[in-house]
Structures are given as structure tokens and as C-alpha cells.
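Everything below concerns the one structure shown next.
In our numbering, the protein residues as written are 469 to 763.
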């Protein structure tokens, strides 16, 4: 595993404070994304490469992997400045299982784009191996986002085993879908309802039909069709009745959709794009005006 090492390892005293907060933060952010907690993980569907921070509980991870540890064919350890319980024993065991394919790298402070680039490169080198990502410590949330991006399995370790986090590969979504998720998230942050009328003012929407009508209604029909077939089907967005309107509707992100929306900008940057390319001119001014009206 030839990987590019960037940055410097954070100071230990800073890490202790960061690590004390990250587990609680991850729990809050990802509470809607957990599946049933179990003791041992099933890796029978594929061969895997493991990504894990150095401060994780390796004694527990060893138990979680259990009889399927032979499915781990390579390991990337992210050095976060601390070493968890059982680190030496685990890495020695994995070096035998993987024929020495264990690589420890230091990336410094958690940077979302750097982690995505490193893991994307790793995946391209691993062939058919699937990523298994342990979300822990200062890298917990960036690793969760990266796992979504590279279509990996993401887990957190618990006192009795592990919990798997639902992930979503952002590369499956086209730019229009990413723009919709981004705007829904921005409106949600500001406490503004995501109505069809507002969305067509903020997002590039092509009207359906041969005449390509520019009417708002035609664009809203196109938008609703797109959301239904590309986002609602994936469990990212739901359409609900607007409680303040007799016949109006609003669109809302699901817990899963919110997690994917948080990754939109990082995804676009990794492919050389910016979110503004897919939004209407003046979208920032519209959001600022709406926010001012709420205050």
C-alpha cells in the first residue's frame, strides 16, 4: 500500500479533548442511521480492506471481526496520535492475515477532502475489495462521510460489539440531485420551508415538455418528478403536506438525506465542480433575504 502521507500528527493534549467530544457528537449526528447492534460482523459477502484510526479499541475490534478476520486483505491505520487497547497485538495478527499489507499513515487534523482523496485512491488500488471503515475519535465524522463517498461499510464500536451505519454512495447521484439536497439542507438550517415555489427559484430546473416552457408550474412539475424518482426512491427526501396551505406541499430531508447533503460540497470539489454551477443566479441573495425575514 503506497499512500501519500500529508500533514502532521496533532498534539496529544489537544487530542484528549477532541476525543472526549467526538463520540458524543457522532452519536447525536448519526442517531437516525444506526441499525441493530450486534456482537460479530458478517464479512462473508466480499473481501475487505480495513480503515481504522489508531486510537480505536483494537481488542474489541478483534472480537467483532472474529471468524471473518480472514476476509480482511489489507489494513490502513490512520495515526491520530493515540494508540488504542490491543493495538500491537491486533496489527501483528493482521500483518500475518494480510501477508504484511498493513499501512499506518498520518494525515494530521481531520480534513474531509484529504480523507476522501486518500480513501478513494486506496479503493482504486484494492480491486474488488470492499472498504470497512471504523468511525472513531477525531476522524469519526470525516470517515463516515468518506465511507458514503466510496460506497463502503461504516461501523462504530460499542461496549458490547458494533453498530453499522447506513451509508450512501454520492457518485450515484447526478448534479441536479446533489443541488436539491444542498438547498434543502440550507433551507433547513435557516428554518425555512422547502416549497416547490422556492426550490425552482434556487435550483436550475428544466421544464418538461417539447416547448420547454419556462412557467413556474411546469418547472415545479419537473422538480417533483425528479425528486420522486431520484431522491425519494433512495430514502433521502420525503414530500409532505404544507400545514400552512390547503393544497401546498413541502419537501424534507430524511436523516439519511441530511447526512448525504452534508457531503455535497466535498463531493463536488473532488470532481472539480462547485455547487453554484447547478443553482440559479442570485441564489445566495435569495437565501440571505429569506433568512433576514425570519429574524
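Here a beta-carbon is modelled for each residue, glycine too, at the ideal position from N, C-alpha and C.
It should be emphasised that the depicted structure is a prediction, and the values quoted were computed from it without experimental measurement.
Assigned with DSSP and collapsed to three states, residue 625 falls in strand. Of the candidates 535, 509 and 547, 547 places its Cα closest to the Cα of residue 521. Residue environment for residue 593: exposed (fewer than 16 other C-beta atoms within 10 angstroms of its C-beta). Residue burial annotation: residue 621 is buried, with at least 16 other C-beta atoms found within 10 angstroms of its C-beta.
Bounds of the alpha helix (DSSP H) holding residue 558 are 555–565. Between residue 716 and residue 710 the beta-carbon gap is near 4 Å, inside 8 Å, which marks them as a contact. Around the beta carbon of residue 564, fewer than 16 other beta carbons lie within 10 angstroms, which makes this residue exposed. Counted as a single uninterrupted DSSP element, the beta strand (DSSP E) harbouring residue 517 occupies residues 516–521. One alpha carbon belongs to residue 602, the other to residue 625, and they sit about 8 Å apart. Excluding sequence positions up to five before and after residue 743, its CB lies within less than 7 Å of the CB of 647, 650, 732, 733 and 736, all in the same chain and listed in chain order. Under the three-state reduction of DSSP output, residue 721 falls in the strand class. Counting the other CB atoms within 10 Å of its CB gives residue 628 a total below 16, which places it among the exposed residues. In the DSSP annotation of this structure, the continuous segment of the beta strand (DSSP E) that includes residue 571 starts and ends at 570–573.
Rounded to the nearest angstrom, the gap between the Cα atoms of residue 581 and residue 714 is 44 Å.
With a threshold of 16 other beta carbon atoms within 10 Å, residue 693 falls short and is exposed. For residue 517 and residue 617, the gap between their C-alpha atoms comes out near 15 Å. The three-state secondary structure of residue 531, taken from DSSP, is helix.
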